[in-house]
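Note sheet for the following structure.
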Amino acid sequence: MLSEVARTWRAAPDVTATVEAITRAAVSHLQGTEYAGVALCSKGKITTVAATDDLVTEIDQLQYKVGEGPCVDAITHHRTYRTGDLATEGRWPNFALAASAAGVRSMLSYRLFDSSTTIGALTLYSTEPDAFSDDTVADGALFAGHAAIALATAQTEAQLVTALESRDQIATAKGILMERHRLDPAQAFAMLVDASQNSNVKLHDVAAWLIDDTDQLRREFPEPVAG
């Protein structure tokens, strides 16, 4: 069953579709789960990118604000964290009572990782105390492993697409400069690099701006029709 579900994740068209499919599947397949969310790490920041309910986003934002909670600790300490009742939880005093007051009683958080790299966390939520049994913890670990593989694959594919798009944009921009300024390819590329460094803007963004600017000029001043 899980392997079949995981195959559908790998068929998702992008990272957003992948994490949304993972959270929906967690609610459907992991006993005790009412809501689920996926948070991703980037440049030292944790961001919730998929949530099956607004309550998940609210609780996650609370964790990020106070810097503690199951999701934060799963990512920071590379462990699985389960809490059976946030109303009496002592590990996260700045988070637990507020989360309980918002309606969440049980949480279960798994670190999502690829090899030694932390991708983020999958967190399960329930409004009932002691919602997640030992069996669910074990099933969730297997589920999280498949989710991490699917997510890492989706991220790699997205990076490849971005790299190819950037390469194509830079090639197009070089062609514009070669035509406009009568430059050879090396000179055109050097001009793009200089513009990137002088403006502190990424090279592919400079190329995209040049392409957009050229397209706008062509729309405003079209070539005269011969004849």
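Taken in order, the sequence shown gives residues 1233 to 1459; the numbers are from the working numbering.
Heads up, the beta-carbon is just placed ideally off N, CA and C, and yes, glycines get one too.
Do A1353 and S1341 have their beta-carbon atoms positioned less than 7 Å apart in this structure?
yes
Would you call the CB atoms of Q1263 and T1368 closer than 7 Å?
Yes. Within cutoff.
DSSP three-state label for R1399, please.
helix
Touch check for the region 1300-1320 and the region 1343-1352: three-plus C-beta pairs under 8 Å?
Yes: the two stretches touch, three or more of their Cβ pairs being nearer than 8 Å.
At the level of alpha carbons, what is the spacing between P1302 and W1241?
25 Å
P1456 to I1443, Cα distance in whole Å?
Any answer about P1456 is weak, because its pLDDT of 45 lies below 50 and its placement is not dependable; what the coordinates show is given next. Spanning the two alpha carbons is a distance of roughly 21 Å.
Threshold first: 3 residues or longer. Then list the beta strand (DSSP E) segments lying entirely within the region 1249-1303, N to C.
Residue ranges of uninterrupted beta strand (DSSP E) with 3 or more members, entirely inside the region 1249-1303 and ordered along the chain, are 1267-1274, 1277-1283.
Excluding the 5 residues flanking D1346 on each side, which residues of the same chain have their C-beta closer than 7 Å to its C-beta?
A1380, A1384
How long is the line joining the alpha carbons of A1268 and R1343, rounded to whole angstroms?
14 Å
How far does the beta strand (DSSP E) with L1340 in it reach, from first residue to last?
1338-1346
If you draw a straight line from the C-alpha of A1390 to the C-alpha of T1248, how long is it?
10 Å
Could you tell me which residues DSSP pairs with S1358 in its beta bridges?
S1338
Just how far apart, CA to CA, sit L1435 and H1413?
Roughly 19 Å separates the two Cα atoms.
Per DSSP, which one or two residues make a beta bridge with A1244?
Paired residues: none, contrary to the question.
By the 10 Å Cβ neighbour count, where 16 or more other Cβ atoms means buried, how is E1321 classified, buried or exposed?
buried
According to DSSP, is T1368 helix, strand or coil?
The three-state reading of DSSP puts T1368 in helix, counting H, G and I together.
Could you check what DSSP says for T1446 in three-state terms: helix, strand or coil?
Helix, per DSSP.
Report yes if the CB atom of I1291 is closer than 7 Å to the CB atom of A1253, and no otherwise.
no
Would you say T1359 and R1337 are within 7 Å of each other, going by their C-beta atoms?
yes
Could you tell me which of V1433, I1278, A1386 sits nearest to P1245, measuring between CA atoms?
A1386
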